[in-house]
Amino acid sequence: MYINAFRVCAFWICIISMLHLELAEEPVCTSRFDYDLKIVEKFYEMDQKIKRAEEEIRRQRQLIDRFSTDGEVFIFIGSGSVYVRWGRNICPEHAAVIYNGYVAGKKYDDEGGGSDSLCLPSDPVWSNYSDGDDRNRGFIYGTEFDEEGVNIFGYSVLQQDVPCVVCKTQKSALVMVPARAKCYPGWKEEYSGYLMSAYRSHPGPHNHICVDSDPEFIPRGSNNDNEHILYLMEARCGSLPCPPYVEGRELPCVVCSA
(Lines of atoms letter the chains of each structure in order from A and count residues from 1; the text may use other names and numbers.)
(Lines give C-alpha, C1' and ligand atoms only; values in the text may rest on other atoms or scores of the structure.)
Protein backbone atom coordinates (compact mmCIF):
# COMPACT_ATOMS: atom_id res chain seq x y z
CA MET A 1 0.00 0.00 0.00
CA TYR A 2 2.85 2.41 0.84
CA ILE A 3 4.46 1.59 -2.53
CA ASN A 4 1.24 2.49 -4.36
CA ALA A 5 0.98 5.78 -2.44
CA PHE A 6 4.58 6.56 -3.41
CA ARG A 7 3.73 5.92 -7.06
CA VAL A 8 0.85 8.39 -6.91
CA CYS A 9 3.12 11.07 -5.40
CA ALA A 10 5.84 10.41 -7.97
CA PHE A 11 3.29 10.63 -10.79
CA TRP A 12 2.04 14.01 -9.57
CA ILE A 13 5.61 15.37 -9.20
CA CYS A 14 6.38 14.33 -12.77
CA ILE A 15 3.28 16.10 -14.11
CA ILE A 16 4.16 19.34 -12.27
CA SER A 17 7.73 19.19 -13.57
CA MET A 18 6.54 18.62 -17.12
CA LEU A 19 4.15 21.58 -17.00
CA HIS A 20 6.88 23.82 -15.53
CA LEU A 21 9.22 22.94 -18.39
CA GLU A 22 6.52 23.65 -20.97
CA LEU A 23 5.82 27.08 -19.51
CA ALA A 24 9.53 27.87 -19.62
CA GLU A 25 9.63 27.30 -23.37
CA GLU A 26 9.51 30.56 -25.33
CA PRO A 27 7.02 30.21 -28.24
CA VAL A 28 8.27 31.10 -31.72
CA CYS A 29 6.04 33.93 -33.00
CA THR A 30 5.79 36.30 -35.94
CA SER A 31 3.57 38.98 -34.35
CA ARG A 32 2.13 40.13 -31.04
CA PHE A 33 -1.19 38.51 -31.92
CA ASP A 34 0.58 35.28 -32.79
CA TYR A 35 2.45 35.46 -29.47
CA ASP A 36 -0.77 35.99 -27.47
CA LEU A 37 -2.50 33.18 -29.35
CA LYS A 38 0.31 30.74 -28.62
CA ILE A 39 0.28 31.69 -24.94
CA VAL A 40 -3.47 31.01 -24.78
CA GLU A 41 -2.94 27.67 -26.56
CA LYS A 42 -0.22 26.77 -24.03
CA PHE A 43 -2.53 27.49 -21.10
CA TYR A 44 -5.31 25.45 -22.71
CA GLU A 45 -2.95 22.49 -23.23
CA MET A 46 -1.80 22.81 -19.62
CA ASP A 47 -5.39 22.86 -18.39
CA GLN A 48 -6.19 19.69 -20.34
CA LYS A 49 -3.07 17.94 -19.03
CA ILE A 50 -3.88 18.95 -15.47
CA LYS A 51 -7.40 17.53 -15.84
CA ARG A 52 -6.02 14.27 -17.20
CA ALA A 53 -3.45 14.16 -14.41
CA GLU A 54 -6.11 14.75 -11.74
CA GLU A 55 -8.22 11.99 -13.28
CA GLU A 56 -5.28 9.57 -13.20
CA ILE A 57 -4.46 10.48 -9.60
CA ARG A 58 -8.07 9.87 -8.60
CA ARG A 59 -7.97 6.50 -10.37
CA GLN A 60 -4.77 5.55 -8.53
CA ARG A 61 -6.28 6.61 -5.20
CA GLN A 62 -9.36 4.50 -5.86
CA LEU A 63 -7.16 1.50 -6.58
CA ILE A 64 -5.25 2.12 -3.34
CA ASP A 65 -8.49 2.53 -1.38
CA ARG A 66 -9.59 -0.92 -2.53
CA PHE A 67 -7.05 -2.47 -0.21
CA SER A 68 -6.69 -2.40 3.55
CA THR A 69 -3.34 -2.97 5.28
CA ASP A 70 -3.70 -6.76 5.08
CA GLY A 71 -4.37 -6.66 1.33
CA GLU A 72 -8.06 -7.56 1.48
CA VAL A 73 -10.53 -5.82 -0.81
CA PHE A 74 -12.26 -2.92 0.94
CA ILE A 75 -15.89 -2.05 0.12
CA PHE A 76 -18.25 0.39 1.82
CA ILE A 77 -20.21 -1.35 4.56
CA GLY A 78 -23.94 -0.70 4.91
CA SER A 79 -26.86 -0.02 2.62
CA GLY A 80 -26.40 1.31 -0.89
CA SER A 81 -26.60 0.45 -4.58
CA VAL A 82 -24.26 -1.15 -7.08
CA TYR A 83 -23.98 -0.28 -10.77
CA VAL A 84 -21.64 -0.71 -13.74
CA ARG A 85 -20.01 2.34 -15.24
CA TRP A 86 -19.67 1.16 -18.83
CA GLY A 87 -16.69 2.55 -20.72
CA ARG A 88 -14.63 3.81 -17.75
CA ASN A 89 -12.00 2.46 -15.33
CA ILE A 90 -12.89 4.66 -12.36
CA CYS A 91 -16.01 5.42 -10.34
CA PRO A 92 -17.36 8.90 -9.53
CA GLU A 93 -15.70 10.55 -6.52
CA HIS A 94 -18.51 9.64 -4.09
CA ALA A 95 -18.61 5.95 -5.10
CA ALA A 96 -16.30 3.05 -4.24
CA VAL A 97 -14.64 0.73 -6.74
CA ILE A 98 -15.63 -2.91 -6.32
CA TYR A 99 -13.62 -4.09 -9.31
CA ASN A 100 -12.36 -3.00 -12.73
CA GLY A 101 -12.71 -5.08 -15.82
CA TYR A 102 -13.68 -5.54 -19.45
CA VAL A 103 -17.06 -5.32 -21.19
CA ALA A 104 -17.90 -8.70 -22.70
CA GLY A 105 -20.74 -10.69 -24.26
CA LYS A 106 -21.82 -12.91 -27.16
CA LYS A 107 -20.33 -12.54 -30.63
CA TYR A 108 -22.41 -10.22 -32.79
CA ASP A 109 -23.45 -12.94 -35.29
CA ASP A 110 -23.95 -15.86 -32.87
CA GLU A 111 -27.60 -16.89 -32.74
CA GLY A 112 -27.31 -18.30 -29.23
CA GLY A 113 -25.53 -17.29 -26.05
CA GLY A 114 -26.45 -14.72 -23.45
CA SER A 115 -28.29 -11.56 -24.43
CA ASP A 116 -26.65 -9.22 -21.93
CA SER A 117 -23.36 -7.36 -21.67
CA LEU A 118 -21.14 -8.33 -18.73
CA CYS A 119 -18.38 -6.55 -16.83
CA LEU A 120 -15.73 -9.28 -16.48
CA PRO A 121 -13.15 -8.57 -13.74
CA SER A 122 -9.53 -7.96 -14.69
CA ASP A 123 -8.42 -10.45 -12.01
CA PRO A 124 -10.43 -13.67 -12.53
CA VAL A 125 -10.26 -16.48 -9.96
CA TRP A 126 -10.81 -19.92 -11.49
CA SER A 127 -12.78 -22.89 -10.16
CA ASN A 128 -12.80 -26.33 -11.85
CA TYR A 129 -12.00 -26.10 -15.57
CA SER A 130 -11.09 -28.08 -18.66
CA ASP A 131 -9.05 -26.06 -21.15
CA GLY A 132 -9.73 -26.51 -24.83
CA ASP A 133 -12.06 -25.39 -27.60
CA ASP A 134 -15.34 -27.21 -26.86
CA ARG A 135 -17.91 -26.35 -29.53
CA ASN A 136 -20.74 -27.44 -27.21
CA ARG A 137 -20.29 -24.36 -25.02
CA GLY A 138 -21.39 -20.77 -25.15
CA PHE A 139 -18.66 -18.23 -25.86
CA ILE A 140 -17.86 -14.89 -24.22
CA TYR A 141 -15.97 -12.25 -26.20
CA GLY A 142 -14.48 -8.86 -25.45
CA THR A 143 -16.20 -5.72 -26.70
CA GLU A 144 -15.27 -2.96 -29.12
CA PHE A 145 -16.94 0.18 -30.44
CA ASP A 146 -17.91 0.13 -34.12
CA GLU A 147 -18.81 3.77 -34.63
CA GLU A 148 -17.38 5.88 -37.45
CA GLY A 149 -18.37 8.97 -39.38
CA VAL A 150 -19.82 10.72 -36.31
CA ASN A 151 -18.14 12.60 -33.50
CA ILE A 152 -20.65 12.01 -30.71
CA PHE A 153 -17.95 11.31 -28.10
CA GLY A 154 -15.71 14.19 -29.18
CA TYR A 155 -12.99 11.83 -30.41
CA SER A 156 -12.79 8.62 -32.42
CA VAL A 157 -13.82 5.43 -30.63
CA LEU A 158 -13.73 3.20 -33.72
CA GLN A 159 -12.43 -0.33 -33.00
CA GLN A 160 -11.38 0.58 -29.46
CA ASP A 161 -11.91 -2.13 -26.81
CA VAL A 162 -14.15 -1.14 -23.92
CA PRO A 163 -13.37 -1.26 -20.17
CA CYS A 164 -15.82 -1.09 -17.27
CA VAL A 165 -15.89 -0.64 -13.51
CA VAL A 166 -18.39 -1.81 -10.90
CA CYS A 167 -19.20 0.92 -8.39
CA LYS A 168 -20.99 1.08 -5.03
CA THR A 169 -22.79 4.22 -3.95
CA GLN A 170 -24.29 4.74 -0.50
CA LYS A 171 -27.56 5.87 -2.10
CA SER A 172 -30.32 3.27 -1.74
CA ALA A 173 -32.09 3.74 -5.09
CA LEU A 174 -30.58 3.60 -8.56
CA VAL A 175 -32.01 3.99 -12.08
CA MET A 176 -30.70 4.28 -15.63
CA VAL A 177 -32.84 6.78 -17.55
CA PRO A 178 -32.66 6.45 -21.36
CA ALA A 179 -33.17 9.49 -23.63
CA ARG A 180 -32.12 11.95 -20.92
CA ALA A 181 -28.72 13.57 -20.34
CA LYS A 182 -29.76 14.87 -16.90
CA CYS A 183 -31.44 13.31 -13.88
CA TYR A 184 -34.91 14.30 -12.73
CA PRO A 185 -35.11 16.71 -9.76
CA GLY A 186 -34.25 15.04 -6.45
CA TRP A 187 -31.90 12.50 -8.05
CA LYS A 188 -28.09 12.64 -8.10
CA GLU A 189 -26.16 11.95 -11.30
CA GLU A 190 -23.70 9.05 -11.11
CA TYR A 191 -22.64 9.47 -14.73
CA SER A 192 -24.15 10.29 -18.13
CA GLY A 193 -23.51 8.92 -21.59
CA TYR A 194 -25.11 7.38 -24.65
CA LEU A 195 -27.40 4.41 -25.10
CA MET A 196 -25.63 1.60 -26.94
CA SER A 197 -26.50 -1.92 -28.04
CA ALA A 198 -26.13 -4.23 -31.06
CA TYR A 199 -26.56 -3.33 -34.73
CA ARG A 200 -30.17 -3.62 -35.89
CA SER A 201 -29.56 -6.50 -38.37
CA HIS A 202 -27.41 -8.65 -36.08
CA PRO A 203 -29.11 -11.87 -34.93
CA GLY A 204 -30.27 -12.55 -31.41
CA PRO A 205 -31.31 -10.24 -28.59
CA HIS A 206 -28.96 -7.75 -26.95
CA ASN A 207 -29.48 -5.49 -23.94
CA HIS A 208 -29.04 -1.73 -23.89
CA ILE A 209 -26.29 -0.23 -21.75
CA CYS A 210 -25.41 3.36 -20.85
CA VAL A 211 -21.83 3.98 -22.03
CA ASP A 212 -20.02 6.92 -20.44
CA SER A 213 -19.90 10.06 -22.60
CA ASP A 214 -16.10 10.25 -22.11
CA PRO A 215 -15.05 6.62 -22.58
CA GLU A 216 -11.62 5.21 -21.88
CA PHE A 217 -10.07 2.36 -23.84
CA ILE A 218 -8.26 -0.85 -23.01
CA PRO A 219 -4.53 -0.32 -23.79
CA ARG A 220 -3.41 -1.83 -27.11
CA GLY A 221 -7.00 -2.84 -27.80
CA SER A 222 -7.64 -1.24 -31.19
CA ASN A 223 -7.71 -4.30 -33.47
CA ASN A 224 -10.81 -4.83 -35.60
CA ASP A 225 -11.83 -8.12 -33.92
CA ASN A 226 -15.59 -7.81 -34.67
CA GLU A 227 -16.76 -9.91 -31.73
CA HIS A 228 -19.04 -8.28 -29.13
CA ILE A 229 -19.77 -4.92 -30.77
CA LEU A 230 -21.48 -1.76 -29.55
CA TYR A 231 -23.39 0.78 -31.64
CA LEU A 232 -25.19 4.01 -30.81
CA MET A 233 -28.98 3.88 -30.65
CA GLU A 234 -31.14 6.47 -32.43
CA ALA A 235 -34.85 7.26 -32.36
CA ARG A 236 -37.28 6.25 -35.14
CA CYS A 237 -40.63 7.99 -35.41
CA GLY A 238 -43.91 6.12 -35.71
CA SER A 239 -45.28 4.51 -32.60
CA LEU A 240 -42.58 6.56 -30.88
CA PRO A 241 -44.04 10.09 -30.99
CA CYS A 242 -42.09 12.85 -32.73
CA PRO A 243 -41.95 15.31 -31.09
CA PRO A 244 -40.75 14.99 -28.38
CA TYR A 245 -38.39 12.52 -30.09
CA VAL A 246 -36.48 13.34 -33.29
CA GLU A 247 -36.00 10.99 -36.23
CA GLY A 248 -32.39 9.77 -36.42
CA ARG A 249 -31.19 11.50 -33.24
CA GLU A 250 -28.79 9.51 -31.02
CA LEU A 251 -30.21 8.73 -27.59
CA PRO A 252 -28.36 9.85 -24.47
CA CYS A 253 -28.70 8.25 -21.05
CA VAL A 254 -27.94 9.00 -17.42
CA VAL A 255 -27.50 6.85 -14.29
CA CYS A 256 -29.11 8.45 -11.23
CA SER A 257 -29.22 7.67 -7.51
CA ALA A 258 -31.34 8.87 -4.60
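Heads up: the sequence shown begins at 0 in numbering that gives the first Met the number 0, then just goes up one per residue. C-beta: ideal position from N, C-alpha, C; glycine also. In this text, all values refer to a predicted model and were calculated from it rather than measured experimentally.
- Inclusion of CYS163 and GLY113 in the CB contact set at 8 Å is not warranted, their separation being larger than that value.
- Contact check for ASN222 against GLN158 passes: the beta carbons are separated by less than 8 Å.
- Collapsing the DSSP output to three states places ARG219 in coil.
- For MET175, the beta-bridge partners assigned by DSSP are VAL254.
- Assignment of MET232 by DSSP, reduced to helix, strand and coil, places it in the coil class.
- By the beta-carbon neighbour count (other beta carbons within 10 angstroms, threshold 16), ASP211 is buried.
- Where VAL96 is concerned, the enclosing beta strand (DSSP E) starts and stops at 95 to 104.
- LYS167 carries a strand assignment under DSSP once its states are collapsed to helix, strand and coil.
- For ARG219, the closest alpha carbon among the candidates GLU143, ILE97, SER191 and ASP33 is that of GLU143.
- Measuring C-alpha to C-alpha distances from THR168 to each of SER155, ARG31, TYR154 and SER80 identifies SER80 as the nearest.
- In this structure, ALA172 is the residue among ASP224, ALA172 and PRO214 with its C-alpha nearest to the C-alpha of SER78.
- For LYS187, the CB contacts under 6 Å within the same chain, skipping 5 residues up- and downstream, are SER256 in chain order.
- Shown here for VAL174: same chain residues with a beta carbon closer than 7 Å to its own, the five before and five after excluded, namely CYS255 in chain order.
- Here the C-alpha atom of ASP133 lies approximately 46 Å from the C-alpha atom of GLU53.
- Ranked by how close their Cα comes to the Cα of SER191, the residues SER200, GLY111, ILE208 and PRO120 have ILE208 in first place.
- As a beta-bridge residue in DSSP terms, MET195 pairs with ILE208 and LEU231.
- Looking at the DSSP output, GLU143 bridges to ASP160 and ILE228.
- Looking at LEU231, GLU246 and MET232, the one whose alpha-carbon comes closest to that of SER238 is GLU246.
- Residue pairing of VAL149 in beta bridges, as defined by DSSP: absent, with no partner found.
- Shortest Cα-Cα distance from CYS252 to any of CYS236, LYS181, ARG199 and TYR198 involves LYS181.
- Looking at the DSSP output, SER80 bridges to THR168.
- Per DSSP, the beta-bridge partners of CYS118 are VAL102.
- For CYS236, the number of other beta carbons within 10 angstroms of its own is below 16, and it is reported as exposed.
- One thing to note: ALA103 has its Cβ within 8 Å of the Cβ of ILE139.
- Residue state for GLU44 is assigned as helix, using DSSP reduced to three classes.
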